[in-house]
Amino acid sequence: MRALLLAATAALLPGIAAAQAPATGFTPHVSTEIDIGFYGVGTTSATDRARGGTSVYSFGEIAAGLHLTPNFSLQGVLTFEPIGEGDSTGGSPGGSTTFFRRQSAFLEALYAEWKPDADTTLQAGRFVAPFGRGHHDFPGILASVRAHEVYAITDSLGLAATRTAFVDPWWGEHDISAAVFTLDRTFLSSTLMTRRSCCDERYERFNRNTRQQGGPGNTGQFDNATIALDGDRFGLLPGFSYHLGVLTRGAGDDGTAREWGYAAAARYQLDWSADQSTLFFAEGVQFRNAAARPRTEITLLGVDPDTGDEVETALETSIRERRTFTTLGLRHRIGEWRGTIAWQRDQRKRSVEAVPTENYVEASVGRDILPNVSLDAGYQYARYAREEAGGLGTAHAVLFRLGWRGF
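Numbering (mature numbering (1 follows the signal peptide of the UniProt record, and there is no 0)), first residue to last: -19 to -1, 1 to 388.
Next comes the structure, spelled out in structure tokens:
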């Protein structure tokens, strides 16, 4: 860790030096961006009664940057989301209406950023590692939230870099990004508002990351990495963009193998006229040795050869899992109105403790109702894994999102 911190300091020293001598005519300033949604998930019918009811919560972020020179800044992102198990996609309100239950806030990012030239960006600190795209900007209501819960690589502490590697009017612009990191266990990982100590299974986030909670990337070393390639601005195919990513994370205390992840995404926007356009989007993410093949204990039933009685034997093993998360959808815009339909599938193939494949279909319409304020409403059909009873359940829900986006 000390070696990486020294490398980070060395990489950013030119930017720090430049910050002490701002360019002529440049005034240090603060920039902000707000993207917060207030969500409502009203489950009208579900196999499990606990899923029925309505959940209202917020999910979004406030980003701010302190620009000390034209090419050196300090960036921070404060994120708001509920941290109870499943709460960010509706949870289990138990037939009632819940408002901002287990709502929390935390620093998703805090890093120094230096741009030594127009094609290069260097970052050091806490950030979201470059892997996958949909968790940041899928259209619709819950599509991006669900993707965020599955494959946003948050709590990453380390170094990241982006370089524009190739630019051509016909073949497009292509950026390569890479990061080396560890799971952040510092005070920066502290959770505000709703705070729970490790390791209550009802919560997805705790007061502060610790070694005890385990998980992929929680190694205490900078032996986790991502590399991604993004392309857009194709003269050959206007409106097309893509993302390819590879992830590797070491095993925490509860794991037994290195996790590998692969992401591929494509988008194509077809402009029919000045007032109409259709965006087609697709993304697939797969984790092999998902969750770093965690240890578990299973119970085997057998028969005592002497007495003939049934006996139980505890066996310690690991869960070998291949998890594949797929999204397909389109958004059509007519003037100020937009309509989105998306299908998402979460398939988890396990060696033990099998989990059925979940499917979600969402359809919504929306528009801006005020400057910087939007409203979307829709419907969701879900085939979800039942935790207690096992097997698949069915749920129907009405959705809404009141969004505020501005500077």
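Beta carbons are placed, not taken as given, at the ideal position from N, Cα and C, and that holds for glycine.
Query                                                                                                                                                                                       : Result
By a C-beta neighbour count over all protein chains shown, 10 Å radius and 16 as the cutoff for buried, is Ile134 buried or exposed?                                                        : buried
What separation, rounded to the nearest whole angstrom, lies between the Cα atoms of Ser332 and Arg274?                                                                                     : 10 Å
Output the distance between the C-alpha atoms of Val346 and Arg326, rounded to the nearest integer angstrom.                                                                                : 22 Å
Enumerate in chain order the residues of its own chain whose CB-to-CB distance from Glu154 is below 8 Å, with the five nearest sequence positions on each side excluded.                    : Thr145, Phe147, Val148, Gly212, Asp213, Arg214
For the 8 Å Cβ check, are there 3 or more pairs between the segment 111 to 125 and the segment 170 to 181?                                                                                  : no
Does the Cβ-Cβ distance between Gln267 and Gly231 come in under 9 Å?                                                                                                                        : no
Looking at the structure shown, is Ser39 part of a helix, part of a strand, or coil, going by DSSP?                                                                                         : strand
Which residue wins for smallest C-alpha separation from Glu339, given the options Tyr365, Leu351, Arg319?                                                                                   : Tyr365
If you draw a straight line from the C-alpha of Gly113 to the C-alpha of Asp204, how long is it?                                                                                            : 20 Å
Would you mind working out which of Arg82, Arg30, Leu47 sits nearest Thr8, comparing C-alpha positions?                                                                                     : Leu47
Quick check: the segment 250 to 257 against the segment 309 to 316, are at least 3 beta-carbon pairs closer than 8 Å?                                                                       : yes
Taking the C-alpha atoms as reference points, what is the distance between Leu140 and Asn52?                                                                                                : 17 Å
Identify whether Gln202 lies in helix, strand or coil by the three-state DSSP scheme.                                                                                                       : coil
Using beta-carbon positions only, say whether Ala263 and Ile279 come within less than 9 Å of one another.                                                                                   : no
Quick one: which unbroken beta strand (DSSP E) runs of 3-plus residues sit fully inside the segment 77 to 161? Chain order, please.                                                         : 78 to 80, 84 to 98, 101 to 108, 137 to 149
Once DSSP output is grouped into helix, strand and coil, what is the label at Asp290?                                                                                                       : coil
Please return the same chain residues whose Cβ sits closer than 6 Å to the Cβ of Arg189, not counting the five positions on each side in sequence.                                          : Ser170, Ser171
Within 10 angstroms of the Cβ of Trp95, are there 16 or more other Cβ atoms? Answer buried if so, exposed if not.                                                                           : buried
Grouping DSSP H, G and I as helix and E and B as strand, with all else coil, what is Leu169?                                                                                                : helix
Along the chain, which unbroken stretches of the beta strand (DSSP E) at least 3 residues long are found entirely within the segment 308 to 342?                                            : 318 to 331
Is the distance from the Cβ of Gly121 to the Cβ of Gly359 below 9 Å?                                                                                                                        : yes
Is it buried or exposed for Leu123, if we count other Cβ within 10 angstroms and need 16 for buried?                                                                                        : buried
Between which residues of its own chain and Tyr362 is the CB-CB distance below 7 Å, once the five residues before and five after are set aside?                                             : Val342, His377
Leaving aside the five residues before and after Asp349 along the sequence, list all residues of the same chain whose C-beta is less than 7 Å from its C-beta, in chain order.              : Glu317, Ser355
Count the other CB atoms within 10 Å of the CB of Asn270; is the residue buried (16 or more) or exposed (fewer)?                                                                            : buried
When the Cα of Ala105 is compared with those of Ala142, Ala86, Ala128, which residue comes out closest?                                                                                     : Ala142
Name the one or two DSSP bridge partners that Pro275 has.                                                                                                                                   : Gly236
Who are the near neighbours of Tyr249 in its chain, counting only those whose CB is closer than 7 Å to its CB and skipping five residues on each side?                                      : Gly220, Phe221, Phe261
Identify, in the order they occur along the chain, each residue of the same chain with its Cβ nearer than 8 Å to the Cβ of Thr101, setting aside the five sequence neighbours on each side. : Ala142, Thr143, Arg144, Thr145
Residue range of the beta strand (DSSP E) that Tyr365 falls in?                                                                                                                             : 354 to 366
Which value, in whole angstroms, describes the spacing of the CA atoms of Leu373 and Glu66?                                                                                                 : 18 Å
Would you check if the distance between the CB atom of Arg82 and the CB atom of Asp165 is smaller than 9 Å?                                                                                 : no
Can Gln194 and Gly233 be called in contact, C-beta distance under 9 Å?                                                                                                                      : yes
Once DSSP output is grouped into helix, strand and coil, what is the label at Asp68?                                                                                                        : helix
Does DSSP classify residue 390 as helix, strand or coil?                                                                                                                                    : The structure shown does not extend to residue 390, since the chain spans only -19 to 388, so no value can be given for it.
Given a threshold of 16 other Cβ atoms within 10 Å of its Cβ, counted over all protein chains shown, does Asn199 qualify as buried or as exposed?                                           : buried
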